[in-house]
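A.B. asks: Heads up: the protein sequence lines correspond to chains G and S, in order. Numbering-wise (our numbering), the first sequence opens with residue -5 and increments by one. Numbering-wise (our numbering), the second sequence opens with residue -5 and increments by one. Even glycine gets a Cβ: it sits at the ideal position worked out from N, Cα and C. Quantities reported herein were computed from a predicted structural model and do not represent experimental measurements.
There are 2 protein chains.
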Amino acid sequence: MARKPADQSVNREAIIVAAAEVLQKNGYEATTMKDIAAAVNLTAASLYHHFKNKDALLLAVLEVGLEYIIQQTEPIAHSDLPTVEKLRRMIREHIVGLTQNTAVGAAMVFEIRALMSVKAPYRNAHDDDKEAFETFIKRRDSFFLRRDQFENLFRLVVREGVDNGSFRTIDVAIFTKTLLGAHNWVGVWYRPTGRLSGEEIADVIADTMLNGVITSRK
Amino acid sequence: MARKPADQSVNREAIIVAAAEVLQKNGYEATTMKDIAAAVNLTAASLYHHFKNKDALLLAVLEVGLEYIIQQTEPIAHSDLPTVEKLRRMIREHIVGLTQNTAVGAAMVFEIRALMSVKAPYRNAHDDDKEAFETFIKRRDSFFLRRDQFENLFRLVVREGVDNGSFRTIDVAIFTKTLLGAHNWVGVWYRPTGRLSGEEIADVIADTMLNGVITSRK
DNA sequence: TCTATAATCAAATGGACATTTGATTAACTC
DNA sequence: GAGTTAATCAAATGTCCATTTGATTATAGA
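Structure below.
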């Protein structure tokens, strides 16, 4: 019956940002559509005008976060900087990104499993629903692929360093996982009010991790 | 009406182990009491004979996992081994523990947030319920405290190393977080069928992390 | 101004659980 | 072997949500 003034600029983008924040606090399952809607001054029903359903909204949140960080790190990985410098900057960008948007950062760590266990629609669903589900699954798989590509950016630089002698002979796969684990964890414990800024934390971690693998002589 | 043979030995312990496994696959919210019950050949109702409710069961799972790993690492932290050796063994024990019980390991990472957002019982609850809730909250807070104590074991050893010159002058807090982040992440990606065993992974990571902080000369 | 489309909402709908209730049986104690 | 306790279950209960439905109002074109 009633209506909101139309200048509210509640678009897809705004909903995604708000959703990320709510998700960070409560986690996917504990977050209701009503919660998310309230964060943008809408009702739950209105969200369905912008997103097919709750799963699609979660996926959108994660996609935005992932694309952002890939956008930040990919150019560095493909630049012609010295390998050590490349890795240092990539670590820095990743961590700073996580601390600047802890909502998305935490979602990337915690909510991915929610995506994995999305359940199929009811057996007596319409063909439309089944088709929509297929589409969703495809999109979700693309997301996972993209996430692997992101990890691969780091892996490639690490391998490059080993190959050109910048780094010691280390296990590339394990070191990459170790690195990303350390990064992701920052998104979990970081607080804007803490002793160090995101940049400072990034520098400290980059130093430590690089120090562990840089070739001493040469 | 019917009954199960009594030799099934479905005790608290067995339920906790099974619950950890189910939780690992689906996450707390997506796991139903029925799922957990099925894993031990019971009905959901029967679980309430062993645990007050779902939250209490989750807490029990996490408590067991945490106590186990503390039991493994605390003696090392307090031993009179050289600092470097202490830290190496602690890293090793932690990671090996995580790979041996990936269920609990993943739960420690993913499900802690579920614990944090436990909601109070209904407003019109009996006094009994309210009291039980208080008790639960206390127990949960003890768990968080215990988790901090665990982290502190690592922090103390790192500080000791800095103080006695075994380690470079690093930021103790950040390095500890970095270390634990790398460890926890192993619980997320490790697969028993992978290229390396838990022990091998532990050794590789310990080497890398220690290499980053050990004093070169001396 | 009319019309189509985009946003929005209030109020149902429907299901999926967590939890309770009220038996029923096994096993142990005395 | 009578009584008590521990385990178990089937069947309700009650709530909480995601999602749908059916209006209602803006806004942008024509």
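With DSSP run on the structure shown, which of helix, strand or coil describes S/I10?
C.D. replies: Counted from its first residue, the second sequence places residue 10 of chain S at position 16. Three-state result, S/I10: helix.
A.B. asks: If you drop the 5 nearest sequence neighbours on each side, which residues of the same chain put their C-beta closer than 8 Å to that of G/R86?
C.D. replies: Counting from one through the first sequence, the residue named residue 86 of chain G turns up at place 92. So the qualifying residues of the chain are E193, A196, D197 and A200.
A.B. asks: Of all Cβ atoms in chain G, is any one closer than 9 Å to the Cβ of S/D157?
C.D. replies: Walking along the second sequence from the start, residue 157 of chain S turns up at place 163. Not an interface residue.
A.B. asks: With distances taken from CA atoms, which of S/E7, S/R107 and S/R185 is nearest G/G21?
C.D. replies: On the first sequence, residue 21 of chain G is found 27 positions in, with the first residue counted as 1. Considering only alpha carbons, the answer is S/R107.
A.B. asks: In chain S, what lies closer than 8 Å to G/S111 by C-beta?
C.D. replies: The residue you call residue 111 of chain G lines up with position 117 of the first sequence. K19, N20, G21 and A24, listed in chain order.
A.B. asks: Run down chain S in chain order and give the residues with a C-beta less than 7 Å from the C-beta of G/V34.
C.D. replies: Your numbering for residue 34 of chain G matches position 40 in the first sequence. Going along chain S, no residue has its Cβ under 7 Å from G/V34, so there is no contact; the nearest lies around 21 Å.
A.B. asks: Please list the partners that G/G206 has in chain S, where partner means a Cβ-to-Cβ separation under 7 Å.
C.D. replies: On the first sequence, residue 206 of chain G is found 212 positions in, with the first residue counted as 1. What G/G206 touches in chain S: T202, M203, N205 and G206.
A.B. asks: List, from N- to C-terminal side, the alpha helix (DSSP H) runs of 4 residues or more that fit wholly inside the region 10 to 71 of chain S.
C.D. replies: Qualifying alpha helix (DSSP H) stretches, in chain order: 27 to 33, 38 to 44 and 48 to 71.
A.B. asks: Is the region 150 to 166 of chain G touching the region 28 to 40 of chain G, taking contact as three or more C-beta pairs under 8 Å?
C.D. replies: Contact fails: fewer than three Cβ-Cβ distances are below 8 Å.
A.B. asks: Could you check the C-alpha separation between G/D29 and G/E57 for me, to the nearest Å?
C.D. replies: Stepping through the first sequence from its first residue, residue 29 of chain G is reached at position 35. Stepping through the first sequence from its first residue, residue 57 of chain G is reached at position 63. If you take the alpha carbons of G/D29 and G/E57, they lie about 21 Å apart.
A.B. asks: What did DSSP end up calling G/I85 once you bin it into helix, strand or coil?
C.D. replies: As a first step, residue 85 of chain G is located in the first sequence; it is residue number 91 there, counting from the start. Helix.
A.B. asks: How would you write the range of the alpha helix (DSSP H) that G/D197 sits in, first residue to last?
C.D. replies: Walking along the first sequence from the start, residue 197 of chain G turns up at place 203. G/D197 -> alpha helix (DSSP H) spans G192 to N205.
A.B. asks: Going by DSSP in three states, G/I131 sits in which element: helix, strand or coil?
C.D. replies: To locate residue 131 of chain G, count along the first sequence from 1; it is residue 137. In the structure shown, G/I131 sits in a helix (DSSP, three-state: H, G or I).
A.B. asks: DSSP on S/I164, reduced to helix/strand/coil?
C.D. replies: Start at 1 with the first residue of the second sequence, and residue 164 of chain S comes out as number 170. Residue state, collapsed to three classes: coil.
A.B. asks: Let me see if you follow: with CB-CB separation under 9 Å, is G/A215 close to chain S or not?
C.D. replies: Only positions -5 to 212 of chain G appear in the structure, and residue 215 of chain G is not among them; the question remains open.
A.B. asks: Let me check understanding here. Comparing Cα to Cα, which of S/Q18, S/M203, S/L204 and S/F127 lies closest to S/Y184?
C.D. replies: In the second sequence, counting from the first residue as 1, residue 184 of chain S sits at position 190. Nearest option by C-alpha distance: S/Q18.
A.B. asks: How many angstroms separate the CA atom of G/A126 from the CA atom of G/S111?
C.D. replies: In the first sequence, the residue the question calls residue 126 of chain G occupies position 132. In the first sequence, the residue the question calls residue 111 of chain G occupies position 117. For G/A126 and G/S111, the distance between alpha carbons rounds to 17 Å.
A.B. asks: Would the beta-carbon of G/L109 fall within 9 Å of that of G/L51?
C.D. replies: Here residue 109 of chain G is taken as the residue at index 115 of the first sequence, counted from 1. Here residue 51 of chain G is taken as the residue at index 57 of the first sequence, counted from 1. Result no, Cβ atoms of G/L109 and G/L51 do not sit closer than 9 Å.
A.B. asks: As a quick exercise: from S/I63, S/A101 and S/D49, pick the residue whose alpha carbon is nearest that of S/W179.
C.D. replies: On the second sequence, residue 179 of chain S is found 185 positions in, with the first residue counted as 1. With distances taken between Cα atoms, S/W179 lies closest to S/A101.
A.B. asks: Give a yes or no on whether 9 Å exceeds the smallest Cβ distance from G/L173 to chain S.
C.D. replies: On the first sequence, position 179 is the one that residue 173 of chain G refers to. Yes, G/L173 lies at the interface with chain S (some Cβ there is under 9 Å from its Cβ).
A.B. asks: Are the beta-carbon atoms belonging to G/I63 and G/G91 less than 9 Å from one another?
C.D. replies: Counting from one through the first sequence, the residue named residue 63 of chain G turns up at place 69. Counting from one through the first sequence, the residue named residue 91 of chain G turns up at place 97. Yes, the pair counts as a contact, with Cβ atoms nearer than the cut-off.
A.B. asks: Which residue's Cα is closest to the Cα of G/T96: G/T209, G/V207, G/I208 and G/A14?
C.D. replies: Reading the first sequence from its first residue, position 102 is the one you call residue 96 of chain G. The candidate whose alpha carbon is nearest that of G/T96 is G/A14.
A.B. asks: Relative to the C-alpha of S/V207, which candidate in S/G175, S/G181, S/V156 and S/L174 has its C-alpha closest?
C.D. replies: Here residue 207 of chain S is taken as the residue at index 213 of the second sequence, counted from 1. Selected option, being the one with the closest Cα: S/V156.
A.B. asks: Within 10 Å of its beta-carbon, does S/I131 have 16 or more other beta-carbons around it, so buried, or fewer, so exposed?
C.D. replies: Residue 131 of chain S sits at position 137 when you count from the first residue of the second sequence. Answer is exposed; the Cβ neighbour count stays below 16.
A.B. asks: Over the uninterrupted alpha helix (DSSP H) stretch that includes G/G188, give me the two end residues.
C.D. replies: Working through the first sequence from its first residue, we reach residue 188 of chain G at position 194. Unbroken run through G/G188: none, as it is neither H nor E.
A.B. asks: Since G/I89 and G/A54 should fall inside the 8 Å C-beta cutoff, what is the C-beta to C-beta distance between them, to a whole number of angstroms?
C.D. replies: Residue numbering aside, residue 89 of chain G sits at position 95 when the first sequence is read from its first letter. Residue numbering aside, residue 54 of chain G sits at position 60 when the first sequence is read from its first letter. Their Cβ separation, rounded to whole angstroms, is 24 Å, which puts G/I89 and G/A54 out of contact at 8 Å.
A.B. asks: Let me make sure I understand the geometry here. Which of G/G181, G/L173 and G/R189 has the alpha-carbon closest to that of G/N205?
C.D. replies: Here the question's residue 205 of chain G lines up with position 211 in the first sequence. Comparing Cα positions, the closest option is G/L173.
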